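Comments concern the structure below.
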Amino acid sequence: MSDGKEICIALAGNPNCGKTSLFNALTGAHQKVGNFSGVTVEKHEGYLDYKGYRIRVVDLPGIYSLTPYSPEEIVTREYLIKETPDVVVNVLEGPNLERNLLLTTQLMELEVDFLVALNMIDEVEEKGIVVEIKQLQKLLGCHIIPTSAKKSRGLDSLLDHIIRVSRKDIEISKNKLFFRPEVEASVDKIAAMLTHQKELGGYNARWLAIKLLENDREVYHEVQCYPVWVKIELVLQEALREAERMYDSEPEMLITEDRHAFIRGAMQECVRQPGGVKTSASDYIDMVVLNRVLGLPIFLLVVWAIFQMTFTLGSPLMSALEFLFGALATAIAPLLPNETLRSVVIDGIIAGVGGVLVFLPNIVLLFIGLSFLEASGYMARAAFVIDRVMHRFGLHGKSFIPMITGFGCSIPAIMATRTLKSRTDRLVTIMIIPFMSCGAKLPVYVLLTGAFFAPDVAANVMFGIYLLGIVIGLWTAWILKSTVLKSDSEPFVMELPPYRWPTFTSVFFQAKVKSLMYLKKAGTLILSAVIIIWAVSNYPHNVALEKELSAESAQIARSGVAAAEKMKLQNRLELRIKSEQLEYSLAGRAGKVLEPLIRPLGFDWRIGIALVTGLTAKEVVVSTLGTIYSIGQSNGAPVELKSILRQDPSFSQATALSLMVFVLLYIPCVAALGVMKKEVGRWRPVLLYSLYSLSVAWIVSFIVYRVALLMV
Amino acid sequence: MRLSELNVGEKAEVTALKAVGAIRRRIMDMGLIKGTQFKVVRVAPLGDPIEISFKGLYLAMRKNEAEGIVVCKVDAFNGEEFSQADQQPIE
Chain A
37 MSDGKEICIA LAGNPNCGKT SLFNALTGAH QKVGNFSGVT VEKHEGYLDY
87 KGYRIRVVDL PGIYSLTPYS PEEIVTREYL IKETPDVVVN VLEGPNLERN
137 LLLTTQLMEL EVDFLVALNM IDEVEEKGIV VEIKQLQKLL GCHIIPTSAK
187 KSRGLDSLLD HIIRVSRKDI EISKNKLFFR PEVEASVDKI AAMLTHQKEL
237 GGYNARWLAI KLLENDREVY HEVQCYPVWV KIELVLQEAL REAERMYDSE
287 PEMLITEDRH AFIRGAMQEC VRQPGGVKTS ASDYIDMVVL NRVLGLPIFL
337 LVVWAIFQMT FTLGSPLMSA LEFLFGALAT AIAPLLPNET LRSVVIDGII
387 AGVGGVLVFL PNIVLLFIGL SFLEASGYMA RAAFVIDRVM HRFGLHGKSF
437 IPMITGFGCS IPAIMATRTL KSRTDRLVTI MIIPFMSCGA KLPVYVLLTG
487 AFFAPDVAAN VMFGIYLLGI VIGLWTAWIL KSTVLKSDSE PFVMELPPYR
537 WPTFTSVFFQ AKVKSLMYLK KAGTLILSAV IIIWAVSNYP HNVALEKELS
587 AESAQIARSG VAAAEKMKLQ NRLELRIKSE QLEYSLAGRA GKVLEPLIRP
637 LGFDWRIGIA LVTGLTAKEV VVSTLGTIYS IGQSNGAPVE LKSILRQDPS
687 FSQATALSLM VFVLLYIPCV AALGVMKKEV GRWRPVLLYS LYSLSVAWIV
737 SFIVYRVALL MV
Chain B
262 MRLSELNVGE KAEVTALKAV GAIRRRIMDM GLIKGTQFKV VRVAPLGDPI
312 EISFKGLYLA MRKNEAEGIV VCKVDAFNGE EFSQADQQPI E
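Read top to bottom, the protein sequences are chains A and B. According to the numbering used here, the first sequence is numbered sequentially starting from 37. According to the numbering used here, the second sequence is numbered sequentially starting from 262.
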């Protein structure tokens, strides 16, 4: 219960410090818990009620420093300065204290109300590292609370201290980090000039001065427009000359050196590490995993294993779900006397949504695999192993992570490109992600490989499709990088975090979140799409055709053939009429219009309809095919789509391959296009990209179809 | 010499940073500043990037980026830590 007292806290810390785990442990909201730099790209918020307070928690992106170079750093800094949370919780990775303290020193300079959560304290103890907390508190000028988000240790104490800090009930006085005298002199001079500026009152003058000496672009822009700038510029030039003369260096370097010197001092004074350098488990793992000979095969094996797990483990679960939906349709059919209503429910709703839900096991398994890689720390190694290749195509090793995430869903993958610093790198990576076959395209492959290929070949065909996507994607990147988007790549300076055994919850909840997202999409978007498709493929009614049906059926009834033969004739007639009705409907007409364009790829108008509706979401291709083909086939009793397609004369192995390739490559779904627009900022590149992917899809499908026709 | 010229297993100390802009800042923030001693741990299976370690941190960087770091080889690290005073030239 909260009594209306609200405290807003922000979690700030390096990547891999367990910040997101702590956020989850505090708020109970479960999110992406990864072990790769910059998994948390967006600002995540949650809240909890504690001792009469409502504590709002904001999880800021993981950053090493408060410089304005990456979008994450800018987001964090903007938030800390402009939104002024009541308390900043600086989360430190206990076993890696020295590097983590750099951010702490910058928080000290910012003079915000902060406290330190010394996280992963269990690992610290295991390693025999002793931290003199009292002494360190004095040096950092803030409370330090040992926590372990993984083991839920120290959380109450952390919350108690947060409340105390918010009430300014602090025993420890703030400490300042002093730089060498020459730097301090310049800082003081500039700060004095700035305190007289009323407009800049929101900022702390000392911090602004330090940032100016550090050549901080953002702060430069902020201060440059004031008259006092003329005077400040002189001091900056003087400081630069001084640093050059005395240290053969510049103020920026001196300030960083002094911060590190302060940290070194603090470490020497307060932290006792067990003597001798021990080879850690991570070292041993890396000796194998990053081995010059084994590294690449292991990397490929890991990627291959993820896919085998998804398909091999997924298929029995899928069959079970398929059976369940079939049973549901059979059970419901007799309860619906009205033919139109029965058609909506069985051909529209059950066939559509059911056909989508059936693929859930694959998606869950895929995301379990991807979260495991992320949370264990292997993702960063993957970037290390594959960077040479990625770099050749003008990409960054880090682009590989969003690329891989693209295999799950383009939407989070496109958002994950924010970890890339250079705008060009981001743009290129965003443009290739849709070629990484996403989870929603999987149902299409599963359906078509299941229908036209033997089970032992099916997995290989799918692997080939995925591989094709990668090849086309990299090729696209190379084209973009060597033509329109020529520029320097992002620097590759990346931490390889220690391997950590992912918690069951972090992996499981990731899969749960993703499944819920998928279901939500299935529930709202897909259902509405399915009902629209059902309507356009049933209306307008061909009245002449209906008359023909009743006339012919009366003729059959009057004829003298046996009852069984009558049934057969009646069924065949209905089938013909229904398929003619579909041709007459709006959907059929649209498909017909498109048919000449897609005929060379082996597609008829029905596939044309499916491809158009598939733009809402790729899995809709399957439900549309389901609706169209079950209208043309079934008579109330649902027949498995696979066997319908197999029996259809217009479908062959070559058509199936061509269709899979086309679905892989053509325009991404509307949701992905929307996110793309948001990340890129303009519609023009998104539209150009759509045109590009459509052309590529056509050309490649054409080649695949023609080659397959020759071979089969 | 440059960091990119070191072989696997060699130990060295940073003497200057030639890199500029974002790369320079990132290198500095990671703690690779004048006086930091490190060891080249390995080269990626495809020959680039390289991995170095210092102060319990493992850092991967491309040879391109490593070229911006001027180093001098050392035979052994001086104790656990490297103090500020040692950086000043002794007259």
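Quick reminder that beta carbons are idealized off the backbone N, C-alpha and C, glycines included. Predicted model, so just to flag it, every value in this text is computed and none were measured.
Three or more Cβ pairs closer than 8 Å define a contact, and the region 435-443 of chain A meets that threshold against the region 470-479 of chain A. Buried is the label assigned to Pro533 of chain A, since at least 16 other Cβ atoms lie within 10 Å of its Cβ. Per DSSP, Asn496 of chain A is one residue of the alpha helix (DSSP H) stretching across Pro491 to Ser518. Considering only beta carbons, the part of the region 130-149 of chain A lying closer than 8 Å to chain B consists of Pro131, Asn132, Glu134, Arg135 and Leu138, in chain order. Residue contact check for Asn327 of chain A against chain B: a CB pair falls below 9 Å. The Cβ atoms of Phe315 of chain B and Lys300 of chain B sit closer than 9 Å to each other.
Chain-order list of chain A residues neighbouring Ile288 of chain B: Pro527 and Val529, by C-beta distance under 9 Å. For the set A:Val743, A:Arg625, A:Val223 and A:Asp196, the Cα lying nearest the Cα of Tyr86 of chain A is the one of A:Asp196.
In the three-state reduction of the DSSP assignment, Arg536 of chain A falls in the coil class, being assigned neither a helical nor a strand state.
Residue nearest to Tyr283 of chain A within the set B:Thr276, B:Arg263, B:Leu267 and B:Asp309 is B:Thr276 (criterion: CA-CA distance). Residue pairing for Val275 of chain B: DSSP places it in a beta bridge opposite B:Val332.
In the same chain as Pro121 of chain A, and ignoring 5 residues on each side of it, the C-beta atoms closer than 7 Å to its own belong to Cys44, Ile45, Ala46 and Val94, in chain order. In terms of beta-carbon proximity, Lys295 of chain B lines the interface with chain A, with at least one pair separated by less than 9 Å. For the pair of segments examined, the region 682-701 of chain A was found to touch the region 499-513 of chain A: the number of CB pairs separated by less than 8 Å reaches three.
Taking 9 Å as the threshold, the shortest C-beta distance from Gly270 of chain B to chain A does not fall below it. Take the alpha-carbon of Ile368 of chain A and the one of Trp570 of chain A: they are about 18 Å apart. Closer than 9 Å to the CB of His197 of chain A there is not a single CB belonging to chain B. Nearest Cα to Ser542 of chain A within the set A:Ile643, A:Ala494 and A:Leu406: A:Leu406.
The residues Gly638, Tyr741, Ala744, Leu745 and Val748, in chain order, have a CB closer than 7 Å to that of Ala690 of chain A in the same chain once the five nearest residues on each side in sequence are set aside. Here Met289 of chain B is buried. Its C-beta has 16 or more other C-beta atoms within 10 Å. Each residue's CA atom was taken as its position, placing Trp734 of chain A and Ile110 of chain A some 42 Å apart. In terms of Cβ geometry, Glu108 of chain A and Gly49 of chain A do not form a close pair [threshold 9 Å].
Taking 8 Å as the cut-off between beta carbons, the residues of the region 92-103 of chain A near chain B are Tyr100, Ser101 and Thr103, in sequence order.
At a Cβ-Cβ threshold of 9 Å, Arg286 of chain B and Thr103 of chain A count as neighbours.
In the DSSP assignment, Pro217 of chain A falls within the alpha helix (DSSP H) that extends over Pro217 to Thr231. Below the 9 Å Cβ cutoff, chain A contributes no neighbours of Glu274 of chain B, its closest Cβ being approximately 14 Å away. Here DSSP, grouped into helix, strand and coil, assigns Ala476 of chain A to coil.
Between the alpha carbons of Glu269 of chain A and Pro527 of chain A lies a distance of about 30 Å. Interface flag for Arg323 of chain B against chain A is set, since a Cβ pair is found closer than 9 Å.
With fewer than 16 other beta carbons inside 10 angstroms of its own, Cys333 of chain B counts as exposed. Ranked by Cα distance from Leu175 of chain A, the first of A:Gly301, A:Glu278, A:Leu401 and A:Pro131 is A:Gly301. With respect to the 9 Å criterion, Ala321 of chain B and Ala337 of chain B are not classified as neighbours on the basis of their beta carbons. Judged by DSSP in its simplified three-state form, Leu372 of chain A adopts coil rather than helix or strand. For Lys316 of chain B, the C-beta contacts it makes with chain A under 8 Å involve Glu134 and Arg135, in order along the chain. At a cut-off of 9 Å between beta-carbon atoms, Gly164 of chain A makes no contact with chain B.
Taking 4 residues as the minimum length, the alpha helix (DSSP H) runs contained wholly in the region 140-188 of chain A are 157-162 and 169-176, in order along the chain.
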